[in-house]
Amino acid sequence: MSNICVIGTGYVGLVTGVCFADLGNQVFCLDINKDRIDKLNQGIMPIYEPGLEEIVERNIKSKRLFFTTDYETALKDAEIAFIAVGTPSGVDGEADLQYVRNAAETIAQVVDHPIIVVNKSTVPVGTGDWVADIISQTRDSKKLDFSVVSNPEFLREGSAIGDFMNPDRVVLGSLEREAAEKVSRLYEPLRAPILITDLRTAEMIKYASNAFLATRISFINEIANICDELGADVREVAKGMGLDKRIGHSFLDAGLGWGGSCFPKDVKALAHMAVLHNSQPQLLQAVMDINRNQRRRVVYRLRKVLGGSLNGKVIGVLGLSFKPNTDDMREAPGTEIIHLLLNEGASVKGYDPQAMENAAKELPKIQLCDDPYQTAEGADALVLATEWNEFKQLDFEKVYKLLRTPVLVDGRNLWDSQYLRGLGFTYFGIGQGNHVNQVD
Ligand code: UDX
58 MSNICVIGTG
68 YVGLVTGVCF
78 ADLGNQVFCL
88 DINKDRIDKL
98 NQGIMPIYEP
108 GLEEIVERNI
118 KSKRLFFTTD
128 YETALKDAEI
138 AFIAVGTPSG
148 VDGEADLQYV
158 RNAAETIAQV
168 VDHPIIVVNK
178 STVPVGTGDW
188 VADIISQTRD
198 SKKLDFSVVS
208 NPEFLREGSA
218 IGDFMNPDRV
228 VLGSLEREAA
238 EKVSRLYEPL
248 RAPILITDLR
258 TAEMIKYASN
268 AFLATRISFI
278 NEIANICDEL
288 GADVREVAKG
298 MGLDKRIGHS
308 FLDAGLGWGG
318 SCFPKDVKAL
328 AHMAVLHNSQ
338 PQLLQAVMDI
348 NRNQRRRVVY
358 RLRKVLGGSL
368 NGKVIGVLGL
378 SFKPNTDDMR
388 EAPGTEIIHL
398 LLNEGASVKG
408 YDPQAMENAA
418 KELPKIQLCD
428 DPYQTAEGAD
438 ALVLATEWNE
448 FKQLDFEKVY
458 KLLRTPVLVD
468 GRNLWDSQYL
478 RGLGFTYFGI
488 GQGNHVNQVD
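Written out as structure tokens, the structure is:
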């Protein structure tokens with residue numbers, strides 16, 4: 058059992074802290090946001106994540122998990138302090154490290170015993186060294202016995218608890234092997250491969266992994282667009298490719314492109330780092346461009362099928378979160394498509410099983426509906442942007458009657474095209490061989 062402090066109760070910090078408590082450690086989760094901490098202490102979760110609430114409740118009860126805003130309390134006995142604060146990206150993609158700096162400075166001010174500082178936040182390569190410098194400088198002549206370790210996270214929203222407990226690998230980077238080994242002991246109960254490397258390499262593994270996954274998705278989306286023009290079916294193409302063990306099946310679902318809190322931020326940040334260091338990130342640039350176009354293609358298709366203009370048209374959008382099982386709308390394809398539609402003078406109706414509260418704040422110009430049927434009512438087209446389970450088996454005869462014109466754009470290839478065409482719908486999937494032929 059170790060004493061751990063996790064700074065930041067955002068998505069990553071909270072899941073990390075809660076799971077380490079569940080593995081038997083004593084964990085203090087700290088956040089400067091008092092309202093968030095008060096709510097967590099009452100068992101109210103700041104995010105929707107399946108399974109999280111139960112684990113929090115169980116570990117608060119067992120007195121292994123504590124939430125506080127007080128650094129002194131949280132760090133008093135901590136042997137290991139995880140920094141898991143936000144690193145939002147600026148317009149040029151550069152990560153904003155002010156919260157990481159604050160956390161490092163405060164650790165240096167508050168702690169007087171040996172401590173390992175672990176970076177969980179996704180930070181530019183070289184940040185580990187920078188954190189070490191900040192701690193040393195803040196202490197000035199009063200030396201602190203500390204080491205810095207990088208431990209990138211690979212948690213997917215919606216399955217973060219499972220991903221934490223059953224990781225494919227744990228990556229630890231440090232210039233001091235002993236410190237990395239001490240952190241690795243926390244993960245031993247998970248029986249996953251643990252890779253110990255240097256600080257900068259660990260930081261790079263995170264960016265390279267996310268950029269690679271985003272590249273796979275952009276790749277299959279480009280293939281999907283070519284399939285549309287050539288009359289091939291990208292779903293079968295992906296299946297055929299994936300059977301090759303060197304390729305594999307995962308992350309080959311064509312759709313509206315990647316969104317969320319990680320891929321867009323990380324690909325942009327990696328490209329920015331490359332440019333800063335005189336490298337040309339040509340592939341990363343293309344990966345981002347394809348992703349942007351994937352949203353535009355839907356709008357182009359709608360414009361074309363609805364008579365050349367979207368002005369005055371009503372479009373229903375199903376799915377506002379960036380993927381199922383989360384209420385996170387950051388860089389969600391649905392949201393981006395909605396902005397494009399509004400710009401073209403369309404009215405938009407929208408529905409999501411979890412993200413309605415966020416949608417009320419983020420999308421004040423659209424009509425929020427109670428269910429898919431209200432979303433379809435009177436609309437000129439229905440766009441499926443997120444593949445939530447509850448959208449899989451709609452009563453399409455009812456949807457047909459509710460729509461003003463029976464147009465379906467299935468942005469996730471979720472529905473049965475043959476059945477829907479049989480009912481009389483004009484149906485478009487992604488990469489199913491329906492020409493779009495031009496995107497502006
Ligand atoms: C991702 C990484 O998977 C995780 O390791 C990292 O730590 C954080 O970023 P997450 O953002 O939660 O996790 O979502 P993920 O399930 O990976 O999906 C990312 C995006 O890609 C979603 O918008 C999803 O809809 C899209 N996607 C995924 C596809 O379009 N096609 C696919 O085949 C897979």
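Using my numbering, you'd call the opening residue of the sequence shown number 58 and step up by one each time. Every residue, glycine too, gets a C-beta built ideally from N, C-alpha and C. As the structure is a prediction and not an experimental result, all values here were calculated from the model.
- Within the same chain, and ignoring the five residues on either side of Ala189 in sequence, the residues whose Cβ sits closer than 7 Å to its Cβ are Val205.
- Residue burial is scored here from C-beta neighbours: Val157 has at least 16 other C-beta atoms within 10 angstroms and is therefore classed as buried.
- Contact between the stretch 202 to 218 and the stretch 171 to 183 is present: three or more C-beta pairs spanning the two stretches fall below 8 Å.
- Here the distance from the Cβ of Asn267 to the nearest heavy atom of the ligand UDX is below 7 Å.
- By the Cβ-count criterion, His306 is exposed, with fewer than 16 other Cβ atoms from all chains shown falling within 10 Å of its own Cβ.
- Contact annotation, Leu420 with Gly402: C-beta distance approximately 16 Å; criterion of less than 8 Å not satisfied.
- When secondary structure is reduced to three states using DSSP, Phe77 falls in the helix class.
- Only exposed fits Lys91, as fewer than 16 other CB atoms lie within 10 angstroms of its CB.
- Per DSSP, the unbroken beta strand (DSSP E) holding Phe124 starts and ends at 122 to 125.
- In this structure, Arg226 has its CB at a distance of at least 7 Å from all heavy atoms of the ligand UDX.
- Note that the C-beta distance between Leu399 and Val356 is not below 8 Å.
- Sixteen is the threshold: since fewer than 16 other Cβ atoms of the shown chains lie within 10 Å of the Cβ of Lys449, the residue is exposed.
- The stretch 457 to 466 and the stretch 329 to 344 do not touch, with fewer than three beta-carbon pairs separated by less than 8 Å.
- Nearest to Asp385 by alpha-carbon distance, out of Glu414, Gly369, Asn368, is Glu414.
- Counting C-beta atoms within 10 angstroms of its own C-beta, Arg242 has fewer than 16 neighbours from the protein chains shown and is therefore classed as exposed.
- A straight-line Cα-Cα distance of about 8 Å links Ile101 and Glu110.
- For Ile164 and Thr195, the gap between their C-alpha atoms comes out near 9 Å.
- Listed in chain order, the non-local C-beta contacts of Lys458 below 8 Å within the same chain number zero, local neighbours out to five positions each way being set aside.
- Checking the DSSP bridge columns, you'll see Gly299 has no partner listed.
- Taking 8 Å as the cut-off, the Cβ atoms of Ile218 and Ile112 count as close.
- Placement of the Cβ of Asp452 at a distance of 7 Å or more from every heavy atom of the ligand UDX is found.
- Judged by beta-carbon spacing, Ala161 lies beyond the 8 Å limit of Cys62, meaning their Cβ atoms are not closer than that value.
- In the DSSP annotation of this structure, the continuous segment of the beta strand (DSSP E) that includes Val440 starts and ends at 438 to 441.
- Look at Ala138 here: in three-state DSSP terms it is strand.
- With a beta-carbon spacing of about 5 Å, Arg360 and Leu367 fall inside the 8 Å limit used to define contacts.
- If the five residues before and after Gly108 are omitted, its C-beta is found closer than 6 Å to the C-beta atoms of Ile218, all from its own chain and listed in chain order.
- Distance from the Cα of Phe123 is smallest, within the candidate group Gly150, Pro145, Asn82, for Asn82.
- DSSP lists Val175, Ser231 as the beta-bridge partner residues of Val206.
- The Cβ-Cβ distance between Gly215 and Thr383 falls below 8 Å.
- Glu260 and Val180 have their C-alpha atoms roughly 7 Å apart.
- Under DSSP, Gly373 takes part in a beta bridge, and its partners are Lys406, Leu439.
- For Gly288, the CB contacts under 7 Å within the same chain, skipping 5 residues up- and downstream, are Gly490 in chain order.
- In this model, Arg257 and Pro224 are separated by some 21 Å (Cα to Cα).
- A straight line joining the alpha-carbon of Lys370 with that of Asp95 spans about 45 Å.
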